[in-house]
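Numbering (UniProt numbering), first residue to last: 1 to 271. Written out below as structure tokens is the structure these notes cover.
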């Protein structure tokens with residue numbers, strides 16, 4: 001037995017270190033039954049059991065986990081489900097390839113500026129009830145390669161929108177460049193998942209540098225969550241924002257929002 005282990009054993013004997021049967025470095029050395037569990041392992045075990053109790057009680061009519069062995073079994077089941085979802089996503093990626101390679105497209109989507117982009121009616125109709133209505137109109141009951149126009153979008157913005165409709169995700173660079181325009185488009189065409197995606201990205205990046213823009217776009221797309229968080233950020237950092245040229249331009253363009261900022265500030269000062 002080496003000196004390090006002997007030192008650890010002496011510390012355990014004096015109570016300096018608990019001989020935890022789960023996480024102790026000496027757990028594999030001892031062979032006799034040992035039931036001591038440190039507070040960290042005890043808390044972790046209870047938290048895992050509680051987590052799975054809450055997760056499975058709603059799905060399996062109150063069936064609770066029975067010990068850590070059952071927790072481990074549930075973790076294995078979750079890993080299998082995750083792998084299944086991963087395989088399904090990989091299978092559905094073929095839709096993205098069909099879009100990128102222009103396979104059997106049957107409609108052209110034209111932006112306000114730039115060339116039209118080939119797409120598939122079925123994908124558009126299943127992703128947006130607005131697109132479904134547009135494509136069901138008499139004007140769109142025509143042969144392949146007819147055109148619909150989304151005039152508020154530029155070519156790159158439209159390309160990102162269509163890419164998201166096919167894949168459910170976007171490259172980080174595209175998200176950073178086009179979040180605002182995509183959020184407005186998601187609101188206009190009732191693409192719920194894209195709206196949630198853009199809102200989450202804006203909340204994650206919200207700071208004093210972009211709070212005014214987030215507040216402005218929240219009004220356009222009627223997002224109460226963005227409006228509340230952006231307003232809080234502006235009030236919190238008002239002294240760094242209000243004296244900038246950016247704020248002056250914002251106040252001129254959005255007088256109603258400027259009034260709302262002032263009212264919110266006054267209400268907070270009352271308390």
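We treat Cβ as the ideally placed atom computed from N, Cα and C, and that holds for glycine.
Boundaries cannot be given for residue 191, as no alpha helix (DSSP H) includes it and DSSP labels it neither H nor E.
For residue 109, the enclosing beta strand (DSSP E) covers residues 107–113. Residue state for residue 150 is assigned as strand, using DSSP reduced to three classes. Cβ neighbours of residue 128 within its own chain (closer than 8 angstroms, five residues either side excluded): 165, 189, 190, 191. The Cβ atoms of residue 117 and residue 154 lie no closer than 8 angstroms to each other. Within its own chain, the residues whose Cβ lies closer than 7 angstroms to the Cβ of residue 151, once the five positions on either side in sequence are excluded, are 112, listed in chain order.
Residue 233 holds the alpha-carbon nearest to the alpha-carbon of residue 207 among 233, 216, 226. The three-state reading of DSSP puts residue 37 in coil, since its state is none of H, G, I, E or B.
Rounded to the nearest whole angstrom, the C-alpha separation of residue 254 and residue 261 is 11 angstroms. Taking all protein chains shown into account, residue 268 has fewer than 16 neighbouring C-beta atoms within 10 Å of its C-beta and is therefore exposed. In the three-state reduction of the DSSP assignment, residue 116 falls in the coil class, being assigned neither a helical nor a strand state. Contact check for residue 199 and residue 226: beta-carbon distance about 6 angstroms, within the 8 angstroms limit, so the pair qualifies. Selection 185, 156, 209 evaluated against residue 171 yields 156 as nearest (Cα-Cα).
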